[in-house]
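Counting with the numbering used here, you get residues 1 to 158 for the letters of the sequence shown.
Input: a single structure, listed below in structure tokens.
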Amino acid sequence: MSEDPEVMAYLLAFASREAIAAWVQRQQAHFAQNGFGFWALESRETGEFMGATGLLHIRYDAHFTPAVEVGWRLARRFWGQGYVPEAARSALQFGFENLGLSEIVANTVEANHNSRRVMEKLGMVRDAADDFDHPLVPADSPLRRQMLYRLTRESCQV
Ligand SMILES: CC(C)(COP(=O)(O)OP(=O)(O)OC[C@H]1O[C@@H](n2cnc3c(N)ncnc32)[C@H](O)[C@@H]1OP(=O)(O)O)[C@@H](O)C(=O)NCCC(=O)NCCS
């Protein structure tokens, strides 16, 4: 999934298989430290791995941090069937009800319409005043400028 250029079009590409393995290890460490993270998504019918969706503590400084973000990544053949909105609703519910968070955020680039569509389906709201330059993205990258979407516990309808 993370080697598919279509899936990674709006994400920073991994330099190698080792870099992907390091990402997985970071997710496991996040679970060990916090009790939550990016959950793997599996097909109920076949048990096949489909992707990942979950909650993460943001690991960089920005005007909206400290914050917890909801994020997702789905293998191409599963797109367009509402799987990520379904998974993200469970993640948001967990964040608000089990973790007691008051707000959860998400971010992406303007061109990532599919991901922004998911944020809108979840009731997340973007304010242009929250747009920011991602500190972990190189300054000359088209992925540097990001939109921020927010969802408060009070406005969460999931
Ligand atoms: C963003 C993503 C997770 C969406 O997951 P999903 O389960 O397909 O979500 P949905 O089924 O609700 O579809 C969302 C939108 O994708 C688009 N879409 C639907 N089917 C599609 C398909 N077969 N091919 C391309 N785009 C499609 C539509 O615009 C859809 O909105 P709509 O339901 O109003 O028509 C998935 O596209 C993905 O993994 N993208 C690559 C990784 C990524 O960008 N992650 C987020 C980084 S911020």
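Virtual Cβ for every residue (Gly too), placed ideally from N, Cα, C.
Given the structure is predicted, the values throughout are model-derived calculations rather than measurements.
Fill in: Contact test: residue 172 Cβ vs ligand 1 heavy atom, cutoff 7 Å
The shown model of the chain, from 1 to 158, leaves out residue 172, and the question about it has no answer.
Discussion item. Threshold first: 4 residues or longer. Then list the alpha helix (DSSP H) segments lying entirely within the stretch 55-99, N to C.
Written reply: 83-93
Discussion item. Which of the three DSSP states is assigned to residue 133 in this structure?
Written reply: Of the three classes helix, strand and coil, the one that applies to residue 133 here is strand, per DSSP.
Practice prompt. Look at residue 146 and residue 107 and say whether their C-beta atoms are less than 8 Å apart.
Written response: yes
Worksheet item: DSSP on residue 34, reduced to helix/strand/coil?
Response: Residue 34 carries a helical assignment under DSSP once its states are collapsed to helix, strand and coil.
Worksheet item: Around the Cβ of residue 102, are there at least 16 other Cβ atoms within 10 angstroms (buried) or fewer (exposed)?
Response: It counts as exposed.
Worksheet item: Would DSSP call residue 18 helix, strand or coil?
Response: helix
Fill in: Limits of the alpha helix (DSSP H) - the one that residue 118 falls within
113-121
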